[in-house]
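According to full-length UniProt numbering, the stretch in the sequence shown is residues 1 to 255, in order. Structure, as C-alpha cells:
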Amino acid sequence: MRRGRTELSLEAAAAVLGWSAATMSRIENGQRRISTECVAMILTAYHIPSAEREEIIAEVRADNASGWWDRPLPGVPTEMGTLASYAVDANGLTSWAATLVPGLLQVESYAMALMLSEDVPRDAAELRWVARRRRQKILGTVDYVAFISETAIRTPFGGRSGHREQLIHLLNARERGIPVRVVPEHVPLGLISHSWLYMTFPHTTPVVNVEVAAGGVYLHDEQAEPYLAMIAKLDRVSPSVSQSCDRLRSILKEA
Numbered sequence: 001m002r003r004g005r006t007e008l009s010l011e012a013a014a015a016v017l018g019w020s021a022a023t024m025s026r027i028e029n030g031q032r033r034i035s036t037e038c039v040a041m042i043l044t045a046y047h048i049p050s051a052e053r054e055e056i057i058a059e060v061r062a063d064n065a066s067g068w069w070d071r072p073l074p075g076v077p078t079e080m081g082t083l084a085s086y087a088v089d090a091n092g093l094t095s096w097a098a099t100l101v102p103g104l105l106q107v108e109s110y111a112m113a114l115m116l117s118e119d120v121p122r123d124a125a126e127l128r129w130v131a132r133r134r135r136q137k138i139l140g141t142v143d144y145v146a147f148i149s150e151t152a153i154r155t156p157f158g159g160r161s162g163h164r165e166q167l168i169h170l171l172n173a174r175e176r177g178i179p180v181r182v183v184p185e186h187v188p189l190g191l192i193s194h195s196w197l198y199m200t201f202p203h204t205t206p207v208v209n210v211e212v213a214a215g216g217v218y219l220h221d222e223q224a225e226p227y228l229a230m231i232a233k234l235d236r237v238s239p240s241v242s243q244s245c246d247r248l249r250s251i252l253k254e255a
C-alpha cells in the first residue's frame, strides 16, 4: 500500500509513525504481528480516505477475530484484550513477576483481593476476573515459564486462606506442565525491576509486555532483545523447579 498510495520511502514512513526502518520492513514483509490499532495508524499516516480506512480496519478486525478479546466485556480495560490477542498467537511465554503473582497463575481470591485493594469497584473487578480467567485458558497450549520473586509469593492478598490457596495453586503448576521458578529475596537483579512477559511467535519477532503504572508497554525488535539476557540471568540465579517447589512448601507451612 505504501508504494501504491504514497510517495514515502520506507524510512520516511517509519519516521512518520515513530518506528524504526527495521520494524517497518518486517511489518511490510509480514514478519511481524501487527495489531488493528497499528493498521489504523498506518492508514492515517498514508492519508487513506476515512470510508476506505474504516472498511480496511473492519476487514483486519474480522480476520483477527479469534477470541473473546475482540468482544471485550464492559468495564474491562482494552489492555487486557490486547495482551490476550498477543498471547494466544504465541508459542512461548516467559514471565518475570517482581511484586505480584503473574495474572496467568492467579487464583480468584488473590486476584479479587488485589483489584479491590487498588480501589477497583467490585462489579468491575468481577468482570476483570472473568477476562483474566479466560486468558488463563491458553495454559497447556503454549510453553510457559514463570519466574516469580519470593517477595511476590509472600505477599498475602486474600488473607491467610487466599494466600494459602494461591501457594497451593503455584505448587500444583508443575503437575500441569508449568515450570515455576522462585527467585530468592536476597538475589541482586540489577535493572530487572519491572514485571514483564516475553512472548515468542512461530513466524514473527518476539514481543515484550512491560508492566508500568499506566498499563502495559509493548516492546518490539531491538527493544525486546535485552530481555533474552534478562531471562538468561533469571535462569542462572533461580533455584530449579524442584527446589522452587520445596521453597513454596516451606512458605506454605509458614502462611
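We put the beta carbon where it would ideally sit given N, CA and C, even for glycine. Values in this document were obtained by computation on a predicted structure and should not be read as measured data.
Residue i burial status per 10 Å Cβ neighbour count (16 or more: buried)
i: M249; result: It is Arg, not Met, that sits at residue 249 in the sequence shown. It is exposed - the Cβ of R249 has fewer than 16 other Cβ atoms within 10 Å.
i: G140; result: exposed
i: S161; result: exposed
i: E59; result: exposed
i: T94; result: buried
i: L197; result: buried
i: S193; result: exposed
i: R242; result: The residue you asked about is not Arg; residue 242 is Ser in the sequence shown. So S242 ends up on the exposed side.
i: G18; result: exposed
i: residue 257; result: The structure shown does not extend to residue 257, since the chain is modelled only from 1 to 255, so the question has no answer here.
i: P121; result: exposed
i: M1; result: exposed
i: R176; result: exposed
i: S50; result: exposed
i: V217; result: exposed
Euclidean distance between Cα positions of residue i and residue j
i: P239; j: T36; result: 40 Å
i: A22; j: V208; result: 17 Å
i: A87; j: I178; result: 15 Å
i: I148; j: A111; result: 16 Å
i: D246; j: L116; result: 31 Å
i: I27; j: D143; result: 25 Å
i: R236; j: I56; result: 47 Å
i: D123; j: I153; result: 26 Å
i: L100; j: E185; result: 13 Å
i: K233; j: E225; result: 14 Å
i: H163; j: E211; result: 23 Å
i: G30; j: L252; result: 47 Å
i: L219; j: T44; result: 22 Å
i: R133; j: A12; result: 42 Å
i: A255; j: G92; result: 32 Å
i: L170; j: G103; result: 12 Å
i: A97; j: E165; result: 18 Å
i: E52; j: S195; result: 39 Å
i: A146; j: E126; result: 25 Å
i: D119; j: M230; result: 33 Å
i: W54; j: T82; result: One detail in the question is off: residue 54 reads as Glu in this sequence, not Trp. Approximately 19 Å between the Cα atoms of the pair.
i: I138; j: Q223; result: 26 Å
i: S244; j: P156; result: 18 Å
Own chain residues within Cβ distance below 8 Å of residue i, not counting five before or after
i: D221; result: S20, A22, T23, R26, R32, T205
i: V39; result: I56, I57, V60
i: V16; result: L8, A45
i: M41; result: L17
i: E150; result: V182, V183, P184, E185, R247, I251
i: I168; result: L252
Beta-carbon proximity list for residue i, same chain, < 7 Å, skipping 5 on both sides
i: E108; result: W129
i: F201; result: R33, D89, A90, N91
i: A173; result: L105, V180
Nonlocal neighbours in the same chain, by C-beta distance under 6 Å from residue i, ignoring five residues either side
i: G158; result: S109, Y110, A113
i: R135; result: A84
Would the stretch 183-190 and the stretch 6-16 be scored as touching if the rule is three or more Cβ pairs under 8 Å? no
Query raised in the report: Which runs of the beta strand (DSSP E), 3 residues or longer, sit entirely within the stretch 79-132?
Result: 92-97
*Which runs of the beta strand (DSSP E) spanning at least 3 residues fall entirely within the stretch 169-193, listed in chain order?*
180-183
Residue ranges of each beta strand (DSSP E) within the stretch 133-159, 3 or longer
143-149
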